[in-house]
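These notes concern the structure reproduced below.
Numbering (my numbering), first residue to last: 1 to 100.
See below:
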């Protein structure tokens with residue numbers, strides 16, 4: 001399962017520190033194993049305009065900036081607290097359910 005992690009969908013606005021989000025992705029990857037591939041989208045949500053991912057993890061604060069077409073994607077929102085404290089349990093559960 002391909003998972004794209006979007007840090008921002010607003011050009012010029014950095015929503016999540018790249019180092020912190022990489023630690024979050026690493027923790028998810030370690031828990032979920034080789035059946036999941038994670039790609040970090042630091043290009044302000046450009047990957048939401050492609051069909052190369054099964055699911056997108058999108059920063060919660062960016063949801064108002066999503067276009068109607070982008071909202072049609074399989075999106076799971078994450079918050080700054082999830083990243084800062086490596087709260088991955090619910091994401092692991094949701095991604096496992098989607099991969100069945």
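All C-beta atoms, glycine included, are put in the ideal place defined by N, C-alpha and C. Predicted, not measured: the structure shown is a model, and the values here were computed from it.
Can you tell me the Cα-Cα spacing of residue i and residue j, whole angstroms?
i          : j          : result
residue 45 : residue 15 : 11 Å
residue 49 : residue 8  : 13 Å
residue 68 : residue 74 : 13 Å
residue 66 : residue 6  : 12 Å
residue 96 : residue 64 : 27 Å
Can you tell me which residues form a DSSP beta bridge with residue i?
i          : result
residue 31 : Note: residue 31 sits in no beta bridge, so no partner.
residue 41 : 6
residue 77 : 58
Under 8 Å Cβ to Cβ from residue i, same chain only, skipping five residues before and after it: list those, please.
i          : result
residue 20 : 83 and 84
Between the options, which lies nearest to residue i when the distance is taken from Cα to Cα?
i           : options           : result
residue 38  : 52, 60 and 4      : 4
residue 40  : 18, 81, 93 and 78 : 18
residue 101 : 92, 22 and 59     : In the structure displayed, the chain extends from 1 to 100; residue 101 sits before or after that span and is not available.
residue 62  : 72, 55 and 79     : 79
Using 10 angstroms around the beta-carbon of residue i, count the other beta-carbons present and answer buried if the total reaches 16, otherwise exposed.
i          : result
residue 86 : exposed
residue 53 : buried
residue 28 : buried
residue 57 : buried
Once the 5 residues before and after residue i are set aside, which same chain residues still bring their CB inside 7 Å of it?
i          : result
residue 94 : 76
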